[in-house]
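Participant: Okay, here's the structure, questions in a sec.
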Amino acid sequence: MNEQQTVDPRKTPDAEGTTAPAAAPGSAPADPTTTGAAARDGRRAVLRDSLGVGVAVGLSGFAFGVTAAGAGISVAQACVLSLLVFTGASQFALVGALAAGGNPFTAAAGAFFLGTRNAFYGLRLSQLLALPRPVRPLAAHWVIDETAAVALAQKDRTAARLGFTVTGLTLFVLWNLTTLLGALGAEAIGDTRAWGLDAAGPAVFLALLAPMLRTGTERAVAALALVLGLGFLPVLPAGVPVLVAALAAPAVLFLKGRSPKGDRP
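Numbering of the sequence shown is given in numbering that gives the first Met the number 0, commencing with residue 0 and proceeding in unit increments.
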């Protein structure tokens with residue numbers, strides 16, 4: 000015998016297939032004009048935030064182009080890095096290690112491990128965005144700190160998709176364009192260290208990372224990574240301190256597992 004499913008009359012299915020509370024009997028129905036205006040305001044806010052992040056970070060591609068040229072990388076190589084790698088922290092780590100005289104394989108390894116964080120972003124974003132399968136390989140190229148931060152800050156899937164797309168497109172276009180301009184104009188600027196442009200990329204990365212350190216565990220990992228990275232910088236070859244700093248996460252998690260107290264925000 001088939002059992003009849005009981006449906007709560009106070010709830011109605013919404014667009015995502017879940018149930019939402021229905022209007023109370025006798026209450027006035029929602030004004031479509033007000034609802035539409037609120038939706039438009041929400042989209043404008045997402046667009047404003049996405050463009051703000053995309054433009055602010057995208058312009059720092061100029062610093063990467065200048066730094067790459069100062070490290071002995073050609074204009075073509077710098078542009079290919081921005082086009083195919085497209086993750087600023089890893090790109091700066093690579094050219095920074097090369098500029099310090101590091102081994103190319105060690106520099107590439109440090110940049111690679113620094114970029115693996117994007118894979119973890121992708122695991123979360125794949126569930127949030129739920130993009131069509133043919134689009135996923137292209138979208139994966141835009142999974143970076145900034146697009147993940149903007150998408151995860153949204154309240155629903157539609158806003159997350161909009162934020163991810165606008166941030167990714169703005170960043171990709173500006174980053175590659177300013178990389179080219181920076182690499183071409185490096186000779187006119189002179190010594191990039193005198194301008195402090197080599198610190199622009201790490202500064203942007205830290206500015207994005209700091210608000211995300213909400214729990215004690217996250218702050219402990221960041222602090223230990225900083226100590227390890229700076230502590231081993233004078234004694235290890237360029238690029239290796241980044242690999243050592245990556246040990247902060249498993250070390251903190253191991254100590255947390257041995258502690259009887261839980262994590263405190």
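Glycine included, every Cβ here is placed at the ideal spot set by N, Cα and C.
Report yes if the C-beta distance between V52 and E145 is below 7 Å; otherwise report no.
Facilitator: Sequence index remark: in the sequence shown, residue 52 carries index 53 (1-based). Sequence index remark: in the sequence shown, residue 145 carries index 146 (1-based). Their beta carbons are under 7 Å apart, which means V52 touches E145 by this criterion.
Participant: Can you find the residues in the same chain that come closer than 7 Å, C-beta to C-beta, to T86, ignoring five residues on each side of it along the sequence?
Facilitator: Counting from 1 along the sequence shown, the entry for residue 86 is found at position 87. Excluding sequence neighbours, T86 sits near G114, N117 and I143.
Participant: Give me the residue from A138, T166 and R156 with the minimum Cα distance to P148.
Facilitator: Taking the sequence shown and counting its residues from 1, one reaches residue 148 at position 149. The displayed chain sequence assigns Ala, not Pro, to residue 148. Checking every option, the nearest Cα to that of A148 belongs to T166.
Participant: Which same chain residues end up closer than 7 Å to L50 when comparing Cβ atoms and leaving out the 5 residues on each side of it in sequence?
Facilitator: Walking along the sequence shown from the start, residue 50 turns up at place 51. V165 and T169, listed in sequence order.
Participant: Give the straight-line distance between the Cα atoms of L235 and L130, rounded to the nearest whole angstrom.
Facilitator: Mapped onto the sequence shown, residue 235 falls at position 236. Mapped onto the sequence shown, residue 130 falls at position 131. Distance between the alpha carbons of L235 and L130 is about 43 Å.
Participant: Only counting the same chain, and skipping five residues up and downstream in sequence, which positions put a Cβ closer than 7 Å to that of A250?
Facilitator: One-based indexing of the sequence shown puts residue 250 at position 251. Excluding sequence neighbours, A250 sits near L223.
Participant: Using the C-alpha atoms, what's the distance from V54 back to L232?
Facilitator: Position 233 of the sequence shown, counted from the start, is the residue given in the question as residue 232. Position 55 of the sequence shown, counted from the start, is the residue given in the question as residue 54. The straight-line gap from Cα to Cα measures roughly 32 Å.
Participant: With a Cβ-Cβ cutoff of 7 Å, do G228 and A244 count as a contact?
Facilitator: Looking up residue 228 in the sequence shown gives position 229. Looking up residue 244 in the sequence shown gives position 245. Contact flag set, yes.
Participant: Count the other CB atoms within 10 Å of the CB of Q126; is the residue buried (16 or more) or exposed (fewer)?
Facilitator: In the sequence shown, residue 126 corresponds to position 127, counting from 1. Q126 comes out exposed.
Participant: Leaving out five residues before and five after L183 in sequence, what residues of the same chain have Cβ atoms less than 8 Å from its Cβ?
Facilitator: In the sequence shown, residue 183 corresponds to position 184, counting from 1. Hits under 8 Å: G64 and V74.
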